[in-house]
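Before any comments, here is the structure.
Numbering (this note's numbering), first residue to last: 836 to 990.
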């Protein structure tokens, strides 16, 4: 999902040149992979939309820029359908990884009609094993300590 995020970025005076916007973008990109309750995981920072304001820090000669930027994020919500890659299969369920950031548990109780055989869930001629893409419906979401914990069921 593409979202607009407002953030304050501090820049040292040595970066005040004709590439200041590039320096700000480089500094912003340090936030890729971060997770917030409001926006979820920042997958990729795309561009700076607008520099809103700037001021000199009261404690140093650095400048604080307030800017809006566009980012690709992933934020899990109950009732949301997602597709992930199976990263772990065990007798109690499976774990999926979504966009290499979000881990989702699909407990055994929601894997109805499948049999667990050799680290694979099998139903008729369909197999759920490590590396497969699987569609799920998020049933529970919790945010704590800078990360989301999710439970889902197969779709």
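Backbone N, C-alpha and C fix where the C-beta goes; we use that ideal spot for every residue, glycine too.
Predicted model only: the values in this text are computed from it and were never measured.
Sixteen is the threshold: since fewer than 16 other Cβ atoms of the shown chains lie within 10 Å of the Cβ of residue 981, the residue is exposed. Residue 982 is bridged by DSSP to 979. In this structure the segment 973-989 touches the segment 856-874; the number of beta carbon pairs closer than 8 angstroms is three or more. Residue 971 sits away from residue 943, with the two beta carbons spaced by 8 angstroms or more. When rounded, the separation of the alpha-carbon atoms in residue 955 and residue 925 is 8 angstroms. Counting only the Cα atoms, residue 918 lies some 10 angstroms from residue 973.
Rounded to whole angstroms, the gap between the alpha carbons of residue 946 and residue 908 is 28 angstroms.
In the structure shown, residue 911 falls within a coil segment according to DSSP collapsed to helix, strand and coil. Where residue 859 is concerned, the enclosing alpha helix (DSSP H) starts and stops at 855-863.
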